[in-house]
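All remarks here apply to the structure that follows.
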Amino acid sequence: MAETAATEDRTGQEPLELKITHPLSEMATMFFANHAAVAGLVLLIFIILFTFLGPYIHTTDPFEMVWAPFSPPGEEGFLFGTDYLGRDILAAMMVGGQVSMAIGLAAAVISVVIGVTVGAFAGYYGGVIEEALMRFTEFFQVLPTLLFSMVIVALFGATLLTVTMAIGVVSWTAVARVTRSEFLRIRELEYVAAARSGSARDGYLIFRVILPNALPPIIVQANLMVGSAILFEAALSFLGLSDPNTMSWGQVIGSNRPYILDAGFAVAIPGFAIFFTVLAISLIGDGLNDALNPKLRQR
Amino acid sequence: MGLWSTVAERVGYGLLLLVAVLILNFALISIAPGDIADTIAGDMGGADASVIEEIRTRYGLDQPFYVQLWRYLSRVVQFDLGYSYFYNTPVTTLILEKLPATLLLVFSAQILAVITGTLLGVLAAKKPNGAVSLTVTFLSLFGFAAPVFWTGILLIILFVSIFPLFPVAGMMDVTVEGGFFVKTLDVLHHLVLPMITLASIFLALYSRLARASMLEVLGADYVRTARAKGVPERGVLYKHALRNALGPVVTVAGLQFSAVISGAVVVEAVFSWPGLGTLALQSILARDTPTIMGILFFSSVVVIIFNILTDITLRFIDPRIKSG
């Protein structure tokens, strides 16, 4: 950054050559310097291609019985074997992954929208509004999230929409806390005071002035939210609280669970799929953290 | 502020939170499609409109919203959470029967995770680039990414089918004969796998936290002073540094109780552990709304009590904390 160059200059050492790079390209450089994050990114791209393009190559219907139940992986031409109904697990992994990732992403979007709104208003206005909103957040932290979402799904029926909403509605508290602390810090900075003295309205200050500058830690948190929402959906489907008309990774594990002692692979394989997806996402999260918070890196 | 007034303040605030939980419970039941009358009529195999009306009148469902809410709240104050039509038992009795099993699981897993996590963190902080440190990094990635039910199932495959060391499910073996001691051992034997599974999620978090706060504390002046005056390294680590590094771990562990209960629901399902989670799942499948809502309420009570206990514990660990 030009700024860094200037500071180095002031120290009176040898004058540095001014090299101005675009902030985005600098972030990319920092991200790619983190090898684990790059590995995570490659892994995630592979999983996305596998689940979304895979069904065009491997066209077996995941709901159709194709062979005897519990055919072990690699035998009879089934890479991942067959499940308790004799359905192809490879096809189930592809189609199930689409649902798992879509729900994870949508639920994370919901929780980020709620969390950012609550956190932004609390941090910007302070006082009574902040007190009330943070008490509201604490209230949601007291309810065990999984039980709460189980209750929502039980009361409103298990459909893709209710499951997604149930996950999003219970898991926004961490985003709200991060957003609030960023807003508390940024609202005191000079450029905010400058914008305010230019008689900018609250809405403009919150969403156009402060929020863009508060984004880095929110993005890191949002990325982790996708991972935990995927885990959350898996737990709900494992417990049998998912849309019975769709297939997801967690649901494959849940439906094959009674047979773990005979056919552990039918449970282990979808577990690995979830594990590697969430692992990839959290590795990317570490990389994003490095790229977006260069100050932390220098420690 | 003294200890007792802080506790009193926390308890008062906790009670307010509980009222909020009850109002949320009630609001959810009211918004949800279908009511008790529909459920009862459904169990009877259908009923005509006049019978359903009669049931509604009997249970006060024809009253205005605020009257119903007030009745609900005043019943709960008398520990009456309603009646389970599925189990034919009052909900409170049902929950109090299952609560000890869940508390045993949650508490033992938390203790295991906090102790092992802190020890790993301390050992990792001793050598920031050593093998233990690497293990902590690996554990923290695994702990976040592995679905808890999957960890449990893998442990079952490993320790039940490959090396038959532990029982696969339940909390006690009905065939075990003997006195209190033998039965306790049997319960502990059943507890091992569920406890390890549940602890695995949080072990990672605590060890990373302990490592970070130990590294920070080890750089502090008073640690240098302790070393300079000749305190042995073991004393520096475990007496001077650990006491100060423990604060963040206990704080976070206290905040995690609601997450631990969520985790326990899944772990109970994997190991058929007869606690609140299993009860919740059964009552959801049976559409037993009063029991489900009662469990949500009771688990919030447990979380609030644990939060207050954490506050008190923190004051013993770090006497500088005077009030919240």
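For the record, the sequence lines run as chains A and B. Going by numbering that gives the first Met the number 0, 116 is the number at position 117 of the first sequence; the sequence numbering is gapless. Going by numbering that gives the first Met the number 0, 138 is the number at position 139 of the second sequence; the sequence numbering is gapless. Glycine included, every Cβ here is placed at the ideal spot set by N, Cα and C. Bear in mind the structure is a predicted one, so any value in this text is a computation, not a measurement.
Asked                                                                                                                                                                                                                         : Found
Taking Ile-30(B) as part of the alpha helix (DSSP H), name the residues at either end of that continuous run.                                                                                                                 : 2 to 30
Tell me, please, which residues DSSP counts as bridged to Thr-81(A).                                                                                                                                                          : Asp-87(A)
How would you list, in chain order, the residues of chain B whose beta-carbon sits under 8 Å from the beta-carbon of Gln-140(A)?                                                                                              : Leu-254, Ser-257
How about Gly-142(B) and Ala-209(B): are their beta carbons less than 7 Å apart?                                                                                                                                              : no
Pull up the DSSP beta-bridge partners for Thr-88(B), would you.                                                                                                                                                               : Ser-83(B)
What residue range is occupied by the uninterrupted alpha helix (DSSP H) comprising Ala-194(A)?                                                                                                                               : 189 to 196
Express the C-alpha separation of Asp-287(B) and Ile-94(B) in angstroms, rounding to a whole number.                                                                                                                          : 13 Å
If you follow the alpha helix (DSSP H) that Leu-245(B) is part of, which residue opens it and which one closes it?                                                                                                            : 241 to 254
Between Gln-67(B), Val-6(B), Leu-72(B), Tyr-65(B), which lies nearest to Glu-17(B) when the distance is taken from Cα to Cα?                                                                                                  : Sequence check: residue 17(B) is Leu here, not Glu. The candidate whose alpha carbon is nearest that of Leu-17(B) is Leu-72(B).
Nearest CA to the CA of Phe-201(B): which residue from Gly-11(B), Ser-261(B), Ala-268(B)?                                                                                                                                     : Ser-261(B)
Which runs of the alpha helix (DSSP H) spanning at least 4 residues fall entirely within the stretch 182 to 265 of chain A, listed in chain order?                                                                            : 189 to 196, 210 to 237, 248 to 255
For chain B, is any of its Cβ atoms less than 7 Å away from the one on Phe-155(A)?                                                                                                                                            : yes
Quick check: is the beta carbon of Pro-143(A) nearer than 7 Å to any beta carbon in chain B?                                                                                                                                  : yes
To the nearest angstrom, how far is it from the Cα of Ser-322(B) to the Cα of Asn-292(A)?                                                                                                                                     : Residue confidence for Ser-322(B) is low, a pLDDT of 46 falling below 50, so the modelled location carries little weight and cannot support an answer.
Kindly indicate which three-state DSSP category Met-64(A) falls into: helix, strand or coil?                                                                                                                                  : strand
Name the residues in the stretch 259 to 281 of chain B whose C-beta lies less than 7 Å from a C-beta of chain A; which are they?                                                                                              : Ile-260, Ser-261, Val-264, Val-265, Ala-268, Ala-279, Leu-280
Is the CB of Ala-26(B) under 7 Å away from at least one CB in chain A?                                                                                                                                                        : no
Quick one: does Ser-281(A) have its CB under 7 Å from some CB of chain B?                                                                                                                                                     : yes
Could you tell me whether the Cβ atoms of Gly-95(A) and Met-224(A) are closer together than 7 Å?                                                                                                                              : no
Along chain A, which residues have their Cβ under 7 Å away from the Cβ of Ile-156(B)?                                                                                                                                         : Ile-259, Gly-263
Looking only at C-alpha atoms, which of Gly-218(B), Val-167(B), Thr-309(B), Pro-163(B) sits nearest to Arg-247(B)?                                                                                                            : Position check: residue 247(B) holds Pro in this sequence, whereas Arg was assumed. Cα-wise, what sits closest to Pro-247(B) is Thr-309(B).
Examine the Cβ distances between the stretch 178 to 193 of chain A and the stretch 93 to 107 of chain B and report whether three or more of them are shorter than 8 Å.                                                        : no
Roughly how far, in whole angstroms, is the beta-carbon of Leu-183(A) from the beta-carbon of Gly-114(A), given that I think they are within contact range, below 8 Å?                                                        : Actually they are not in contact, since the Cβ atoms of Leu-183(A) and Gly-114(A) sit about 15 Å apart, beyond 8 Å.
Starting from the Cα of Ile-152(B), find the closest Cα among Ala-35(A), Thr-172(A), Leu-260(A), Glu-63(A) and give me that residue.                                                                                          : Leu-260(A)
Hey, Asp-242(A) and Ala-157(A): beta-carbon distance below 7 Å or not?                                                                                                                                                        : yes
Secondary structure at Leu-142(A), three-state DSSP: helix, strand or coil?                                                                                                                                                   : coil
Return the chain-ordered list of same chain residues with a C-beta closer than 6 Å to the C-beta of Gly-11(B), the five sequence neighbours on each side being excluded.                                                      : none
Distance check for Thr-150(B) and Ala-1(A), CA to CA, integer angstroms please.                                                                                                                                               : Since pLDDT at Ala-1(A) reaches only 44, below the 50 mark, its modelled position is unreliable, and the value read off the structure follows with that caveat. Their Cα atoms are separated by approximately 49 Å.
Return the chain-ordered list of same chain residues with a C-beta closer than 8 Å to the C-beta of Arg-296(A), the five sequence neighbours on each side being excluded.                                                     : In this prediction, Arg-296(A) scores a pLDDT of 47, lower than 50, which makes its location untrustworthy; no coordinate-derived value is stated.
Express the C-alpha separation of Phe-162(B) and Arg-176(A) in angstroms, rounding to a whole number.                                                                                                                         : 45 Å
Whether or not the stretch 274 to 286 of chain A and the stretch 38 to 51 of chain A are in contact is what I'm after, with contact meaning three or more pairs of Cβ atoms, one per stretch, closer than 8 Å; do they touch? : yes
Applying a beta-carbon distance threshold of less than 9 Å, which residues of chain A neighbour Val-302(B)?                                                                                                                   : Gln-140, Val-141, Leu-142, Pro-143
Under 8 Å, with one C-beta from each stretch per pair, do the stretch 144 to 157 of chain A and the stretch 79 to 86 of chain A reach the 3-pair mark?                                                                        : no
Tell me whether the stretch 292 to 302 of chain B and the stretch 79 to 88 of chain B touch, counting them as touching only if at least three CB pairs, one residue from each stretch, are closer than 8 Å.                   : yes
Could you tell me which chain B residues have their CB closer than 7 Å to the CB of Leu-40(A), listed as they occur along the chain?                                                                                          : What Leu-40(A) touches in chain B: nothing, since even the nearest Cβ is about 15 Å away.
Does the beta carbon of Trp-149(B) sit closer than 7 Å to a beta carbon anywhere in chain A?                                                                                                                                  : yes
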